[in-house]
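Participant: Below is the structure I would like to discuss, written out as structure tokens.
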Amino acid sequence: MRPAKEESEHTIALDGRRVDYKVVRRRGRRGVGLKIDGSGLTVAASLTTPISAIEGLIGQHADWVAKKLGEWSERRIVPQRWETGATIFFMGEPVTLMIDVGHRRVCVERVLSHLFVRVKTADPADVEKAVKHWLKKQALPHFAQRAFLFARLHQLTPPQVFLSSANGRWGSCNSRREVRFSWRLIKARPALIDYVVCHELAHLRHMNHSAAFWAEVRRMCPEFETLKKELDRHDHQFRAF
């Protein structure tokens, strides 16, 4: 008797391009489904669906497959370099790292579009630590200031604001009226930061994601849908380190 689930790896040529895909077969599955994510193309099918039918479906959706694979390829995280000439983002602007070694005391200073990092050695781990520390120092006062401003504008008691190191969510709010923002959000442009601030402040009135909650977000940030999509598009970039 065949198992209830089977997985296999295959390759197909689409417009002269080799595309690897995985087939996941399950007993009781009806129809064939295509899914593309960070791991590539996955096909869901029944235990008896022939490969010819699967590849026929992939061929019918060749343009969509190519488009989605391209989008996911662009979203792959490129490892951050910690050397002179490398770029990080600060409040939506690219900033070029300038590493200056031979200093006993670590110092990080932004001058226009450059971030001067004075460290003892050029060890990437030391540079990374210094830059992260600097970003966090900029993040907390900015987030707190924006939260205070929007709270006052919308007749809310300003919450306590803290930083988090979360890499899976940009912000959170609890019943103690404490709001936390991932320090990585400081890489985003100001309008995107404001959207996240408004999102969390809306939880002070609605501790859920109900229709009333989203109406509150819209009241605070009318452009929130566009901003949310933009933040999602750059998600991988801001979470790179």
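For the sequence shown, our numbering gives the first residue as 150, with consecutive numbering after it. Where is the CB? At the ideal position from N, CA and C, for every residue including glycine. Note that the structure is predicted; figures quoted are calculated from it, not measured.
What are the boundary residues of the beta strand (DSSP E) that includes S313?
Facilitator: On the sequence shown, residue 313 is found 164 positions in, with the first residue counted as 1. S313 -> beta strand (DSSP E) spans Q309 to S313.
Participant: Assuming G205 is part of the alpha helix (DSSP H), what are its boundary residues?
Facilitator: By 1-based counting over the sequence shown, the position of residue 205 is 56. Residues I200 to Q209.
Participant: Could you give the C-beta distance for V250 and T270, rounded to a whole number, given that I count them as a contact under 8 Å?
Facilitator: As a position in the sequence shown, residue 250 is number 101, starting the count at 1. As a position in the sequence shown, residue 270 is number 121, starting the count at 1. Going by Cβ atoms, the distance from V250 to T270 rounds to 6 Å, so yes, they are a contact pair.
Participant: Compare the Cα-Cα distances from H383 to each of D272, R338, R179 and L163 and report the closest residue.
Facilitator: Indexing the sequence shown from 1 puts residue 383 at position 234. Nearest C-alpha to H383: R338.
Participant: Look at L190 and Y170 and say whether their C-beta atoms are less than 7 Å apart.
Facilitator: Walking along the sequence shown from the start, residue 190 turns up at place 41. Walking along the sequence shown from the start, residue 170 turns up at place 21. Yes, the Cβ-Cβ distance between L190 and Y170 is below 7 Å.
Participant: Buried or exposed: where does C256 fall if 16 or more other Cβ atoms within 10 Å of its Cβ makes it buried?
Facilitator: The residue you call residue 256 lines up with position 107 of the sequence shown. Flag for C256 reads exposed.
Participant: Taking just the CA atoms, how far does S222 sit from Y344?
Facilitator: For the purposes of this step, residue 344 is taken as the residue at position 195 of the sequence shown. For the purposes of this step, residue 222 is taken as the residue at position 73 of the sequence shown. C-alpha separation (whole angstroms): 27 Å.
Participant: Apply the 10 Å Cβ neighbour rule to M356 and answer buried if 16 or more other Cβ atoms are within range, or exposed otherwise.
Facilitator: For the purposes of this step, residue 356 is identified with residue 207 of the sequence shown, where counting begins at 1. M356 is exposed by the Cβ-count criterion.
Participant: Just to confirm, are A274 and L350 a CB contact at a threshold of 7 Å?
Facilitator: Position 125 of the sequence shown, counted from the first residue, corresponds to residue 274. Position 201 of the sequence shown, counted from the first residue, corresponds to residue 350. For A274 and L350, no; Cβs fall outside 7 Å.
Participant: Once DSSP output is grouped into helix, strand and coil, what is the label at R166?
Facilitator: Counted from its first residue, the sequence shown places residue 166 at position 17. R166 falls in the strand class under three-state DSSP.
Participant: Quick check: the Cα distance between R166 and A211, rounded to an integer number of angstroms?
Facilitator: Working through the sequence shown from its first residue, we reach residue 166 at position 17. Working through the sequence shown from its first residue, we reach residue 211 at position 62. So the two alpha carbons sit approximately 11 Å from each other.
Participant: Are three or more beta carbon pairs between the region 359 to 379 and the region 313 to 332 nearer than 8 Å?
Facilitator: Cβ pair count under 8 Å is below three, so no.
Participant: When DSSP labels each residue in this structure, what does T306 get in the three-state scheme?
Facilitator: Working through the sequence shown from its first residue, we reach residue 306 at position 157. Correct three-state label for T306: coil.
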